[in-house]
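K.L.:
Residue numbers (the UniProt record's numbering): 1 to 192.
The C-beta atom is built at its ideal place from N, Cα and C for all residues, glycine as well.
I have a structure I would like to understand better, so I am pasting it below and will then ask my questions one at a time.
Here it is in structure tokens:
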């Protein structure tokens, strides 16, 4: 009978389950766990390849994609509305969960986008606020907000005005304003 080696001490073992594996095994996993690890790596590799291919394709065919996107949106406007109405609650939950998971990354992206397109965004907001319907809406919202938070604002102002730095700033501003408009009609007081 061939003598059996005592492999318990010196044997190579799987990183996950601790099963004895062959000494020439370089992966460090048994057959089952190697398969799981391989599938994970393969998925990641394919995702990266797809992303790279997508970038190249978008750069080459930017104009075609824009035209196709416009056509597609016009065709599927109604179906999108129906889909949103059916699944509104689920979609809202999904968006909230996604935002909570990726809060910091989203904030950084928004900052970058705003810095790149600052002038365009400001111009758009100005044009948007000049539309009469939206002006009315904004006024109504402001009135509602003011009526809801009237007492809060009063308390905050009282507390804010008690801060010494704020007091000094207000006094300095009033002096400057008075000196600028000394000769104006508002400040023509009787001199004693």
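#1: Under the assumption that residue 19 contacts residue 28 (Cβ atoms under 8 angstroms), give the Cβ distance between them as a whole number of angstroms.
#2: Mind reading off the beta-carbon distance from residue 128 to residue 121? Whole number of angstroms is fine, and I expect it under 8 angstroms.
#3: Start and end of the alpha helix (DSSP H) containing residue 42?
#4: Report back the beta-carbon spacing between residue 30 and residue 21 to the nearest angstrom; my notes put them in contact at under 8 angstroms.
#5: Taking the alpha helix (DSSP H) that residue 164 falls in, what are its first and last residues?
#6: Under a three-way DSSP split, which group does residue 17 fall into?
#7: Sorry if obvious, but does the Cβ on residue 89 come closer than 8 angstroms to a heavy atom of the ligand MN?
#8: Residue 121 lies in the alpha helix (DSSP H); which residues open and close that run?
#9: Which same chain residues end up closer than 7 angstroms to residue 91 when comparing Cβ atoms and leaving out the 5 residues on each side of it in sequence?
#10: Within the same chain, show all residues whose beta-carbon is closer than 7 angstroms to that of residue 180, passing over the 5 residues directly before and after it, in chain order.
#11: Would you report the Cα separation of residue 110 and residue 174, rounded to the nearest angstrom?
P.N.:
By the coordinates alone:
#1: Within the chain shown, the letter at position 19 stands for residue 19. Within the chain shown, the letter at position 28 stands for residue 28. No, residue 19 and residue 28 are not in contact; Cβ-Cβ is about 11 angstroms, not under 8 angstroms.
#2: In the chain shown, the residue the question calls residue 128 occupies position 128. In the chain shown, the residue the question calls residue 121 occupies position 121. Between residue 121 and residue 128 the Cβ distance is about 10 angstroms, and since that is not below 8 angstroms, they are no contact.
#3: Along the chain shown, read from residue 1 onward, the residue named residue 42 stands at position 42. 31-60 is the extent of the alpha helix (DSSP H) around residue 42.
#4: The residue you call residue 30 lines up with position 30 of the chain shown. The residue you call residue 21 lines up with position 21 of the chain shown. Yes, they are in contact, since the Cβ atoms of residue 30 and residue 21 sit about 5 angstroms apart, within 8 angstroms.
#5: Taking the chain shown and counting its residues from 1, one reaches residue 164 at position 164. Start and end: 164-180.
#6: Position 17 of the chain shown holds residue 17. If DSSP states are grouped into helix, strand and coil, residue 17 belongs with coil.
#7: What this structure holds is no ligand at all, so the ligand MN is not there to describe.
#8: Walking along the chain shown from the start, residue 121 turns up at place 121. 118-130 is the span of the alpha helix (DSSP H), which, as asked, contains residue 121.
#9: For this step, residue 91 is matched to residue 91 along the chain shown. Closer than 7 angstroms at Cβ, skipping near neighbours: 84.
#10: The residue labelled residue 180 in the question sits at position 180 within the chain shown. So the list is empty, once near-sequence residues are dropped.
#11: As a first step, residue 110 must be located in the chain shown, where it is residue number 110. As a first step, residue 174 must be located in the chain shown, where it is residue number 174. Straight-line Cα distance between these residues: approximately 39 angstroms.
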